[in-house]
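In full-length UniProt numbering, the protein residues as written are 1 to 420.
This is the structure we're talking about:
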């Protein structure tokens, strides 16, 4: 089978909403065709499948979602590039998620806690070692088993009720699903599975990108093949209701270009009386600003188009002046920016990254070589193009010396900015 036919055969276009099954869905935003943005390889680069990044909105339950679905085994394999515990910033952030959970539920010694999409185990490490029964479920975890404490039970597969109870004897008091709830082909079914393993007075903590923040901050790099859903609280509430659950807490943060952290419980839980003022406020804000309107997405599309023009123009101007620009951070989201803007090795000869296994791989679609951050800095570039731009403050703090030595930092979003 030739590569182009294989690509076409592997992607499917949805006809019904993934949440409520309504056929009343329509296109609201298009980013064009891209190669799978989370796949980093050192060879067989042309075999990476590609397809459109198009958003549709359900007019019934309001869920904004990717129009196409892509095969899991093509996205989550040995070429998958994300690791959660690489930076101090993310380790501290994941610790705050546990603090958020503990604010809503009282853990006792011996309770079970589950992290769905546990990656390298960083979040589970935030719990006191030896005090709780820690369980992680994630097919990607097979790459990082050496980093797990021996008392953590890890299932290297996708989450199901059966997979959880294959290593656990009781329901979980806390369930966390961080930056993965938007990766689901059937979010209602997933929520029902979570409800089936959540203790009566347990809490489910969800964190993912937040649709209003994405529109507000122009963070179109959130849109990738892995992320099937783009949630507002209105859409999440519908899903929780189908699973017999309800929202009791919510808070916003700036992680990944704007995220929302939620706490959900069983409708019959004693915790339902604890709904927070911020959760109520966020729901009201969504209603007042009509974030699901056509106008919101038209403004977003115009901002995305303008950002592309501005970034490409700047890079060509720097090249004509003989300036060296190297990428800073090889990431899934960065690959979305590179492909959308058509940035290849002609404008960006290398990308430096602190993750050791990425040294020697290439970016999907744009085929830019990735090197270690040490090698990148040794080249003394005039500029770094920061692809994980949402970690701006942490990066600028970490790179004070690099800036003092004369290297400038280009941040592509929420608008193009040069920091020196």
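Cβ atoms here follow ideal geometry from the backbone N, Cα and C, with glycine treated the same way. Predicted model, so just to flag it, every value in this text is computed and none were measured.
Check                                                                                                                                                                                   : Outcome
Can you give the Cα-Cα distance for residue 411 and residue 266, rounded to whole angstroms?                                                                                            : 42 angstroms
Any contact of the region 344-351 with the region 276-291, i.e. 3+ C-beta pairs under 8 angstroms?                                                                                      : no
Can residue 364 and residue 42 be called in contact, C-beta distance under 8 angstroms?                                                                                                 : no
Using only CA atoms, which one of 263, 292, 271, 268 lies nearest to residue 278?                                                                                                       : 263
Considering only residues of the region 320-344, which uninterrupted alpha helix (DSSP H) runs meet the minimum length of 4 residues and lie entirely inside it, listed in chain order? : 332-341
For the region 228-235 against the region 138-146, are there 3 or more C-beta pairs whose distance is under 8 angstroms?                                                                : no
Would DSSP call residue 1 helix, strand or coil?                                                                                                                                        : Because the pLDDT at residue 1 is just 39, under 50, the model does not fix this residue reliably, and the value given afterwards should be weighed accordingly. Of the three classes helix, strand and coil, the one that applies to residue 1 here is coil, per DSSP.
Between 154, 49, 108, 104, which has its C-alpha nearest residue 122's C-alpha?                                                                                                         : 154
Tell me whether residue 74 is buried or exposed, calling it buried when 16 or more other Cβ atoms sit within 10 Å of its Cβ.                                                            : buried
Please state if the CB of residue 187 and the CB of residue 26 are separated by a distance shorter than 8 angstroms.                                                                    : no
Return the chain-ordered ranges of every beta strand (DSSP E) run that is complete within the region 199-240 and spans a minimum of 3 residues.                                         : none
Kindly indicate the opening and closing residues of the beta strand (DSSP E) around residue 100.                                                                                        : From DSSP, residue 100 is part of no beta strand (DSSP E) but of the alpha helix (DSSP H) over 88-104.
Are residue 216 and residue 258 closer than 8 angstroms when you measure CB to CB?                                                                                                      : yes
Quick check on residue 314: does DSSP put it in helix, strand or coil?                                                                                                                  : helix
According to DSSP, simplified to helix, strand and coil, what is residue 82?                                                                                                            : coil
Are there three or more Cβ pairs, one per stretch, closer than 8 angstroms when the region 94-111 is compared with the region 155-168?                                                  : no
Applying the 10 Å Cβ sphere with the 16-neighbour rule, what's the burial state of residue 6?                                                                                           : The predicted model places residue 6 with a pLDDT of 46, which falls under 50 and marks its position as unreliable; any figure quoted below should be read in that light. Under this definition residue 6 is an exposed residue.
Determine the direct distance from the alpha carbon of residue 223 to that of residue 32, and round the result to whole angstroms.                                                      : 11 angstroms
Are three or more beta carbon pairs between the region 244-261 and the region 290-300 nearer than 8 angstroms?                                                                          : no
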